[in-house]
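Peer 1:
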Amino acid sequence: MKQVLRAVAACALALASTAAHATPSTTFWTPATTYVQPYLVPHVTYDTYVSERSAFQNDYGLTVGFLPFEKLQGEVGIDSFMPGLAQTNLYLNAKLGVPEGALGDWAPGLSAGILGVGFKSDVSDFDILHLEIGKTFPIVGNLVVGGYYGLNDKLLVSSTGDKQRAGLLAAWTSPDLVLNLTGLNKITFMADVQTGKNAFGAVGGGIGLYFTPSIDLLTGPVFFFDSNATTQLAGPGIAPGANRPDFLWTVQLDVDFDLRPAKVASR
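Heads up: the sequence shown is residues -22 to -1, 1 to 245, going by mature numbering (1 follows the signal peptide of the UniProt record, and there is no 0).
Below is the structure:
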């Protein structure tokens, strides 16, 4: 499975004509979204997670859609946490999704994928399967629920060593507050949660500022359910001992650019 994922990721990144590292589509902290990156539309990201005394390594990335279908979409990517380009800093991900409304006017969106596919089985190979269902409602916004299951029981553990391989995913994204101002297209609000006392268990939320429809900045806090377990993700960037964070503040810069051939208008 991982060998196939690595091959697919390599092919899709080659189609994107660039060499970079990437995160899967997320709401804020979690993969609790049925959104899938469109075909040949790479998504570049730069994420930071910091507090006064500690921080994660910076996350650099690119996610790219690889399926040219309307009702079945797919994306692949590879995370890189820097400083450092060692194998323990790299994570692959892949996802398939059915867009909301594709199976009928009131049909929800569906998605399933894998993330945290690392290159060191005892250090970074989390292999987390996830599944989501989501629906957009007037006034309320988009709601998503799902779950995850980790294939590596040696890494998905609490700071005390208890196995924490499965949990709930949930997310909310507000309706767009469209402004159409010069330099600020719209504003959104969002929140999500991934349960479990492991390196990924946290609740986060914040505001999204869309400078254009394809360039945005997300910012807000992420609170961890087991702050000591986060050291599995943080590498040397996290402070030791009592300075391990109960929360970090994140700033996420995202940019989409379209590599699809321009359509020629018919006469």
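Backbone N, C-alpha and C fix where the C-beta goes; we use that ideal spot for every residue, glycine too.
Just so we're clear, the structure is a prediction, and the values are computed from it rather than from any experiment.
With C-beta atoms as the reference, is residue 144 less than 8 Å away from residue 122?
Peer 2: No.
Peer 1: Under a Cβ-count criterion, where at least 16 other Cβ atoms within 10 Å of its own Cβ denotes burial, should residue 219 be classed as buried or exposed?
Peer 2: Confidence in residue 219 is poor, its pLDDT being 38 and thus under 50, which makes the residue's placement unreliable; the coordinate value appears in the next sentence. Its Cβ having fewer than 16 others within 10 Å, residue 219 is exposed.
Peer 1: Provide the residue(s) that pair with residue 2 in DSSP beta bridges, ordered along the chain.
Peer 2: Note: residue 2 sits in no beta bridge, so no partner.
Peer 1: Thinking just about the alpha-carbon of each residue, which of 197, 194, 106 is nearest to the one in residue 172?
Peer 2: Of 197, 194, 106, the residue nearest in Cα terms is 106.
Peer 1: If you run the structure through DSSP and keep just helix, strand and coil, what is residue 66?
Peer 2: Of the three classes helix, strand and coil, the one that applies to residue 66 here is helix, per DSSP.
Peer 1: If residue 2 and residue 91 are in contact, beta carbons under 8 Å, what's the gap, nearest whole angstrom?
Peer 2: That pair is a contact at about 7 Å.
Peer 1: Provide the residue span of the beta strand (DSSP E) that contains residue 229, from first to last.
Peer 2: Here the beta strand (DSSP E) through residue 229 covers 225 to 234.
Peer 1: Give the single residue among 10, 18, 4 whose Cα lies nearest to the Cα of residue 239.
Peer 2: Cα-wise, what sits closest to residue 239 is 18.
Peer 1: Figure out for me which residue from 120, 89, 41 has the closest Cα to the Cα of residue 166.
Peer 2: Looking at the Cα atoms, 120 is the closest of the given residues.
Peer 1: Around the C-beta of residue 235, are 16 or more other C-beta atoms found within 10 angstroms, so that it is buried, or is it exposed?
Peer 2: Answer is exposed; the Cβ neighbour count stays below 16.
Peer 1: To the nearest angstrom, how far is it from the Cα of residue 191 to the Cα of residue 224?
Peer 2: Roughly 33 Å separates the two Cα atoms.
Peer 1: Identify every residue that forms a DSSP beta bridge with residue 177.
Peer 2: According to DSSP, residue 177 bridges with nothing at all.
Peer 1: Among 93, 112, 41, 33, which residue has its Cα nearest to the Cα of residue 61?
Peer 2: It is 33.
Peer 1: Relative to the C-alpha of residue 174, which residue among 154, 196, 201, 168 is closest?
Peer 2: Residue 201 is the option with its Cα nearest to residue 174.
Peer 1: Which whole-angstrom value is the C-beta distance of residue 59 and residue 37, which I expect to be below 8 Å?
Peer 2: Between residue 37 and residue 59 the Cβ distance is about 6 Å, and since that is below 8 Å, they are a contact.
Peer 1: Buried or exposed for residue 232, going by 16 or more other Cβ atoms inside 10 Å?
Peer 2: Classification for residue 232: buried.
Peer 1: Spatial neighbours of residue 228 within its chain, please: CB distance less than 6 Å, with the 5 preceding and 5 following residues excluded, ordered by chain position.
Peer 2: Contacts found: 27, 200.
Peer 1: If you pair each beta-carbon of the stretch 40 to 53 with each one of the stretch 6 to 22, do three or more pairs fall below 8 Å?
Peer 2: Counting Cβ pairs under 8 Å, three or more are found: they touch.
Peer 1: Could you spell out the range, first to last residue, of the beta strand (DSSP E) harbouring residue 196?
Peer 2: 193 to 202 is the span of the beta strand (DSSP E), which, as asked, contains residue 196.
Peer 1: Among 73, 68, 31, 47, which residue has its Cα nearest to the Cα of residue 9?
Peer 2: It is 73.
Peer 1: Using alpha carbons as the reference points, say which of 168, 160, 4, 153 lies closest to residue 89.
Peer 2: Here the closest residue by C-alpha is 4.
Peer 1: Between the C-alpha atoms of residue 196 and residue 139, what's the straight-line distance to the nearest angstrom?
Peer 2: In a straight line, the C-alpha of residue 196 is about 33 Å away from that of residue 139.
Peer 1: Could you please give the first and the last residue of the uninterrupted beta strand (DSSP E) stretch that includes residue 35?
Peer 2: No beta strand (DSSP E) holds residue 35; DSSP gives it neither H nor E.
Peer 1: Measuring only the C-alpha atoms, how far is residue 93 from residue 186?
Peer 2: The straight-line gap from Cα to Cα measures roughly 23 Å.
Peer 1: Closer than 7 Å by C-beta to residue 81: which residues in its own chain qualify, once you throw out the five before and the five after it? Chain order, please.
Peer 2: Closer than 7 Å at the Cβ level, and outside the excluded window around residue 81, lies no residue.
Peer 1: Considering only DSSP beta bridges, list what residue 120 is partnered with.
Peer 2: According to DSSP, which records beta bridges pairwise, residue 120 is partnered with 114, 151.
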